[in-house]
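Participant:
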Amino acid sequence: MIYQPLHPNGPTFSRIIAGAWRWHTVSQQGLERLIHTSLDNGITTFDHADIYGDHGNEKLFGDVLRMNPSLKKTMQLVSKCGIKFQSPHRPATWAKHYDTSKEHIVWSAENSLTQLNTDHLDLLLIHRPDPLMNPTEIAEAFSSLKHAGKVLHFGASNFTPAQFDNLQSYLSFPLVTNQIEISLFLPQPFFDGSLDNLMKHRATAMAWSPLGGGKFLTAENEIGSRVLNGLNLLAYKYQATPSQLLIAWLFRHPSQIFPVIGTTKPERIAESIKSLDITIDRQDWFEMLKWVTGVDVP
Ligand SMILES: NC(=O)c1ccc[n+]([C@@H]2O[C@H](COP(=O)([O-])OP(=O)(O)OC[C@H]3O[C@@H](n4cnc5c(N)ncnc54)[C@H](OP(=O)(O)O)[C@@H]3O)[C@@H](O)[C@H]2O)c1
Numbered sequence: 368m369i370y371q372p373l374h375p376n377g378p379t380f381s382r383i384i385a386g387a388w389r390w391h392t393v394s395q396q397g398l399e400r401l402i403h404t405s406l407d408n409g410i411t412t413f414d415h416a417d418i419y420g421d422h423g424n425e426k427l428f429g430d431v432l433r434m435n436p437s438l439k440k441t442m443q444l445v446s447k448c449g450i451k452f453q454s455p456h457r458p459a460t461w462a463k464h465y466d467t468s469k470e471h472i473v474w475s476a477e478n479s480l481t482q483l484n485t486d487h488l489d490l491l492l493i494h495r496p497d498p499l500m501n502p503t504e505i506a507e508a509f510s511s512l513k514h515a516g517k518v519l520h521f522g523a524s525n526f527t528p529a530q531f532d533n534l535q536s537y538l539s540f541p542l543v544t545n546q547i548e549i550s551l552f553l554p555q556p557f558f559d560g561s562l563d564n565l566m567k568h569r570a571t572a573m574a575w576s577p578l579g580g581g582k583f584l585t586a587e588n589e590i591g592s593r594v595l596n597g598l599n600l601l602a603y604k605y606q607a608t609p610s611q612l613l614i615a616w617l618f619r620h621p622s623q624i625f626p627v628i629g630t631t632k633p634e635r636i637a638e639s640i641k642s643l644d645i646t647i648d649r650q651d652w653f654e655m656l657k658w659v660t661g662v663d664v665p
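Here this note's numbering is used: the first residue of the sequence shown is 368, the next is one more, and so on.
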């Protein structure tokens, strides 16, 4: 495994991060296996959000830490805040909305600490840009959490470059990441300035759904079958599986993308590691892009 800082003044994370979004779908024993398999393979960073599993995943993960307290020292925890939706667990919420008020950010981060059974988060992200977000309030919330030692670093998620720049301009410490969707199936961040802007800030992207959420890997649609055929041809050249090639395709970018993988299968966590050893040839990189766009670059 490779460990790298997200930013020169940011946290050091494993280059492959385990995402817990889908982890409520496995048993308690299955969850323990996912955590142990990740750690055994050097994946020490875990991506959470207050809302995952209808606000239940952080507690399921925290229960494992409660039973195995020594694990906490070996991992870095990321969480997110700011999305609210109707749920039996949130009876006061009657309309889906975003809430980036100071009060909610602080409450949500502290709640994540309780659920995860930890005394600090390594990184807290604003989950989605809120049309009503007030950067002064967000800065106050971040500063208060930082000074209390409850959150060590901060970032954004799904922000445009302009939204990222705006929030950054109100902070006296860096936003260390923008967690955005990037994959061969959603390559826009390579072209729309998202990755360039992060490089300008010396920050890095965390790529969510790096395998496109898996939906193309079953070849039940035109793009899926074109990509799978291509990946199967490249498999021999690189001695690699389709998933490994898709993750290696992200690693080829000089901005040092950190993929957040979402599998619920321990064997697929272990499989992902080899992608770190693969360097996709520049021409193959563009050929792979063409499988999805259907055309050569201009
Ligand atoms: N910031 C945000 O707004 C945001 C949004 C979405 C997600 N995220 C984060 O990103 C993480 C990853 O997202 P994701 O789960 O969509 O990532 P992903 O790794 O692209 O997709 C995972 C899905 O692909 C399936 N899959 C993996 N390998 C496969 C294969 N070889 N063939 C067929 N299916 C395969 C998995 O099924 P199995 O479980 O059966 O392997 C799982 O359903 C989440 O856990 C979360 O932490 C963040």
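Backbone N, C-alpha and C define an ideal beta-carbon position, used for all residues, glycine too.
According to DSSP, which residues form a beta bridge with Tyr465?
Facilitator: Ile450
Participant: How long is the line joining the alpha carbons of Ile410 and Ile614, rounded to whole angstroms?
Facilitator: For Ile410 and Ile614, the distance between alpha carbons rounds to 14 Å.
Participant: Please determine, among Ser524, Asn533, Leu483 and Glu477, the residue with the shortest C-alpha to C-alpha distance to Ser511.
Facilitator: Glu477
Participant: So what does DSSP say about Gln623, is it helix, strand or coil?
Facilitator: In the structure shown, Gln623 adopts coil according to DSSP, grouped into three states.
Participant: I'd like to confirm something about Asp414: is its beta-carbon nearer than 7 Å to some heavy atom of ligand 2, or not?
Facilitator: Because ligand 2 does not appear in the structure shown, any question about it cannot be addressed here, the ligands present being ligand 1.
Participant: I'd like the list of long-range same chain contacts for Leu444, defined as Cβ closer than 7 Å, with 5 residues on each side in sequence excluded.
Facilitator: Phe413, His415, Leu483, Thr485, Leu488 and Asp489
Participant: Would you mind working out which of Asn596, Lys451 and Asn408 sits nearest Tyr419, comparing C-alpha positions?
Facilitator: Lys451
Participant: Distance, Cα to Cα, Ser454 vs Gly597?
Facilitator: 42 Å
Participant: Taking the straight line between their C-alpha atoms, what separation do you get for Lys440 and Leu406?
Facilitator: 11 Å
Participant: Taking its Cβ as the centre, do 16 or more other Cβ atoms sit within 10 Å of Pro665, making it buried, or is it exposed?
Facilitator: Pro665 comes out exposed.
Participant: Name the DSSP beta bridge partners of Glu470, please?
Facilitator: None; Glu470 has no bridge partner.
Participant: Please classify Asn545: does DSSP put it in a helix, a strand, or coil?
Facilitator: The answer is strand: DSSP assigns Asn545 an E or B state.
Participant: At a cut-off of 7 Å, is Arg457 close to ligand 1 when judged by its beta-carbon and the heavy atoms of the ligand?
Facilitator: Flag unset: Cβ of Arg457 not near ligand 1.
Participant: Heavy atom of ligand 1 less than 7 Å from the Cβ of Asn596, yes or no?
Facilitator: no
Participant: Considering only the beta carbon of each residue, do Asn545 and Leu519 sit closer than 8 Å?
Facilitator: Not a contact, by the Cβ cut-off of 8 Å.
Participant: Here's the rule: buried if 16 or more other CB atoms are within 10 angstroms of the residue's CB, otherwise exposed. What is Trp575?
Facilitator: buried
Participant: Sorry if obvious, but does the Cβ on Leu553 come closer than 7 Å to a heavy atom of ligand 1?
Facilitator: Leu553: no, Cβ never under 7 Å from ligand 1.
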